[in-house]
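What follows is a single structure, written as structure tokens, with notes after it.
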Amino acid sequence: MTFNWNYMLSLLSDIDFWQATWTVIKLSLLTWAFSIVLGFILALAKQSPRKLFNAPARLYIWLFRSMPLLVLLIFVYNMPQALPSFAPVLNDPFWAGLLAMVLSEAAYIAEIHRGGLLSIPKGQSEAARALGLRYAGTQWRVVIPQALRVALPALANEYIAIVKLSSLVSVISLTEILMVGQRLYSQNFLVMETMAAVAFYYILIVTVFDFLLKRLETWLDVTQRKTTRPVDEEMQQLATARRPVMARSVSVAQEPALQASKLHKAYNNVEVLGAVSLQIQPGEVVSVIGPSGSGKTTLIRLLNGLEQIDNGEIKINGQPFIHLDRQGQQKPRFMENSEHRQNIGMVFQSFNLFPHLTVLGNLLLAPRYHHLASEGELKQHACELLHKVGMLEHAWKYPHQLSGGQQQRVAIARALMMRPQIMLFDEPTSALDPEKVNEVLQVIESLAHEGITMVIVTHEMNFAFKVSDRIVFMEKGRVVCDDTPQAMRDGQHPRVDAFLKDVSLA
Numbered sequence: 001m002t003f004n005w006n007y008m009l010s011l012l013s014d015i016d017f018w019q020a021t022w023t024v025i026k027l028s029l030l031t032w033a034f035s036i037v038l039g040f041i042l043a044l045a046k047q048s049p050r051k052l053f054n055a056p057a058r059l060y061i062w063l064f065r066s067m068p069l070l071v072l073l074i075f076v077y078n079m080p081q082a083l084p085s086f087a088p089v090l091n092d093p094f095w096a097g098l099l100a101m102v103l104s105e106a107a108y109i110a111e112i113h114r115g116g117l118l119s120i121p122k123g124q125s126e127a128a129r130a131l132g133l134r135y136a137g138t139q140w141r142v143v144i145p146q147a148l149r150v151a152l153p154a155l156a157n158e159y160i161a162i163v164k165l166s167s168l169v170s171v172i173s174l175t176e177i178l179m180v181g182q183r184l185y186s187q188n189f190l191v192m193e194t195m196a197a198v199a200f201y202y203i204l205i206v207t208v209f210d211f212l213l214k215r216l217e218t219w220l221d222v223t224q225r226k227t228t229r230p231v232d233e234e235m236q237q238l239a240t241a242r243r244p245v246m247a248r249s250v251s252v253a254q255e256p257a258l259q260a261s262k263l264h265k266a267y268n269n270v271e272v273l274g275a276v277s278l279q280i281q282p283g284e285v286v287s288v289i290g291p292s293g294s295g296k297t298t299l300i301r302l303l304n305g306l307e308q309i310d311n312g313e314i315k316i317n318g319q320p321f322i323h324l325d326r327q328g329q330q331k332p333r334f335m336e337n338s339e340h341r342q343n344i345g346m347v348f349q350s351f352n353l354f355p356h357l358t359v360l361g362n363l364l365l366a367p368r369y370h371h372l373a374s375e376g377e378l379k380q381h382a383c384e385l386l387h388k389v390g391m392l393e394h395a396w397k398y399p400h401q402l403s404g405g406q407q408q409r410v411a412i413a414r415a416l417m418m419r420p421q422i423m424l425f426d427e428p429t430s431a432l433d434p435e436k437v438n439e440v441l442q443v444i445e446s447l448a449h450e451g452i453t454m455v456i457v458t459h460e461m462n463f464a465f466k467v468s469d470r471i472v473f474m475e476k477g478r479v480v481c482d483d484t485p486q487a488m489r490d491g492q493h494p495r496v497d498a499f500l501k502d503v504s505l506a
């Protein structure tokens with residue numbers, strides 16, 4: 001028995017095969033797209049700390065990963081026998097096959113998405129939260145774009161698996177590639193030649209879409225982008241144009257800009273902050289210093305709600321911002337007035353820029369989300385701030401193309417884009433090389449001279465004593481000393497003197 005090449009080659013132009021190929025492409029793409037969306041919802045639900053969400057998600061993933069696709073196909077296709085109202089849709093093999101494959105694939109893709117979500121640093125969500133983005137906004141604008149980039153190789157591989165699994169839908173009489181082949185070789189018994197043609201069409205689909213997905217993966221990978229757009233003349237003009245300052249309205253009442261009362265925080269029953277109170281007046285610059293592990297970073301994270309307080313209260317301009325609701329006999333609930341979140345800007349130790357966005361995109365993300373102004377006004381304000389911190393020429397670069405000092409200056413500009421009344425700095429220079437420290441300190445010092453209210457956690461003693469109106473010294477989760485820099489220089493506080501004994505203050 002010889003292989004009939006002429007017959008096999010003739011099948012490559014067979015109209016039935018090409019129609020079946022189009023059916024497979026539609027089925028596989030729709031399955032992949034719907035499964036990606038449903039899988040992401042399942043992944044987020046499984047990650048949720050609330051059992052109301054994660055228990056059903058875990059059950060779904062366990063059930064549909066355990067069930068063979070062939071069984072699910074037959075079950076869905078015959079569902080109209082029990083539920084006749086579904087007959088108009090599920091009596092069509094295409095839609096029945098699509099539903100069955102989506103139900104099955106979503107369970108597998110959910111685990112791919114979960115891996116992508118786990119790979120995104122916690123600081124990305126914290127940076128979005130500090131900018132006032134709500135949960136949905138954080139997921140859509142920050143987490144999902146990055147998680148999809150991480151998961152794309154596995155998702156592309158899953159698409160190839162979906163293409164091949166579509167051959168099983170022939171069991172419910174869908175005219176796809178394999179069924180066309182079976183009909184032909186059952187008539188002429190040229191099994192090898194027909195199956196070779198079937199293989200060709202599957203290989204063709206996989207090859208084409210594998211190429212396209214690889215191109216998509218490359219396009220989404222911003223780390224491979226080496227060249228950037230130059231800053232055009234329009235942006236230069238926007239950066240230097242004079243215009244009325246669009247400042248936030250500030251209360252004229254003589255209330256502290258920020259007031260924290262008896263803050264308490266413990267981790268695993270170990271107290272890290274105990275009964276700490278702090279009051280910051282408008283325009284005041286306060287530096288928080290102390291030995292490592294004294295609770296400085298915990299304090300500043302409590303001040304803008306990145307960590308939940310165990311006790312105490314925080315007010316902004318005399319208005320409640322964060323407190324505990326103790327009504328009833330249940331455990332006190334953490335309450336936050338989200339209206340005040342935009343009044344507090346946060347600069348992180350590790351920068352926490354959004355890596356999938358350009359420098360300009362980082363600055364514009366939150367103001368666009370909150371609709372603070374028109375697009376033209378936002379772009380002008382962004383250019384002004386980038387010019388102010390010396391980063392305008394890098395506006396079209398991505399964070400990975402910047403040095404640590406440059407990233408931190410962009411992070412400062414990003415926080416200022418929201419026009420906050422108060423700026424919080426969490427050790428802004430500790431992650432920088434020594435030669436990059438001064439460029440960041442100079443930017444912060446210029447903000448201090450402009451009268452912006454600031455709380456700075458820092459180990460840069462000379463800087464703290466130079467720019468601060470007050471210095472708070474913390475140790476073992478307590479405020480040991482809260483005084484002016486001059487009073488601390490004069491040796492009025494023995495514990496501070498011991499801490500600074502090896503420091504040469506300018």
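The sequence shown begins at 1 in UniProt numbering and counts up one residue at a time. For glycine and all other residues, C-beta sits at the position ideal for the given N, C-alpha and C. In this text the structure is predicted, and so the values were computed from the model without any measurement.
- Contact annotation: the stretch 106-119 touches the stretch 35-46, with at least three C-beta pairs closer than 8 Å.
- Shown here for Pro291: same chain residues with a beta carbon closer than 8 Å to its own, the five before and five after excluded, namely Glu475 and Phe499 in chain order.
- Secondary structure note for Lys476: it is in no beta strand (DSSP E), with a DSSP letter that is neither H nor E.
- Rounded to whole angstroms, His370 and Asp92 show a C-alpha spacing of 45 Å.
- The alpha-carbon of Phe86 is positioned some 5 Å away from that of Pro80.
- Between the alpha carbons of Val389 and Cys383 lies a gap of roughly 10 Å.
- If only uninterrupted beta strand (DSSP E) runs of at least 3 residues are considered, those enclosed by the stretch 320-374 are 333-336 and 344-347.
- Ala199 is the residue among Ala199, Glu336 and Leu324 whose C-alpha sits nearest the C-alpha of Val163.
- The Cβ atoms of Gly123 and Ser403 lie no closer than 9 Å to each other.
- If you draw a straight line from the Cα of Met417 to the Cα of Trp140, it comes to about 20 Å.
- The beta carbon of Thr223 lies closer than 7 Å to those of His400 in the same chain, with the five residues before and after it left out.
- Within 10 angstroms of the beta-carbon of Phe189 lie fewer than 16 other beta-carbons, which makes it exposed.
- Put simply, the backbone Cα of Asp232 is about 17 Å away from that of Tyr398.
- Scanning Met346, Asn462 and Arg368 for the CA closest to the CA of Val410 turns up Met346.
- DSSP places Lys296 in the uninterrupted alpha helix (DSSP H) bounded by Lys296 to Leu303.
- In the same chain as Ala431, and ignoring 5 residues on each side of it, the C-beta atoms closer than 7 Å to its own belong to Gln349, Ser350 and Gly404, in chain order.
- Leaving aside the five residues that flank Pro145 on each side, the residues in its chain whose CB is nearer than 7 Å to its CB run, in chain order, His356.
- In the three-state DSSP reduction, Ser403 falls in the coil class, being neither helix nor strand.
- In the structure shown, Gly290 falls within a coil segment according to DSSP collapsed to helix, strand and coil.
- Check the Cα spacing between Val437 and each of Leu83, Ala448 and Thr458: the tightest is with Thr458.
- When the beta-carbon positions are compared, Pro434 and Phe465 stay at least 9 Å from each other.
- Per DSSP, the beta-bridge partners of Tyr267 are Val270.
- For the pair Leu278 and Ile412, the Cα-to-Cα distance works out to about 23 Å.
- At the C-beta level, Arg368 and Glu377 stay beyond 9 Å of one another.
- For Gly491, there is no enclosing beta strand (DSSP E), as DSSP gives it neither H nor E.
- Closest option to Ser338, judged by alpha-carbon separation, among Tyr77, Ile314 and His381: Ile314.
- Less than 9 Å separates the beta-carbon of Phe463 from that of Ile444.
- In the three-state scheme derived from DSSP, where H, G and I count as helix and E and B as strand, Met67 is classed as coil.
- Relative to Ile15, the option among Asp497, Ala130 and Leu184 whose CA is nearest is Leu184.
- Leaving aside the five residues that flank Ala45 on each side, the residues in its chain whose CB is nearer than 8 Å to its CB run, in chain order, Phe53, Asn54, Pro56 and Ala57.
- Separation of the CB atoms of Gly477 and Leu155 is rounded to 46 Å, and the pair is thereby denied contact status at 8 Å.
- Between Gln442 and Thr429, the gap from beta carbon to beta carbon reaches 9 Å or more.
- For Gly305, the CB contacts under 6 Å within the same chain, skipping 5 residues up- and downstream, are Ile322 and Glu336 in chain order.
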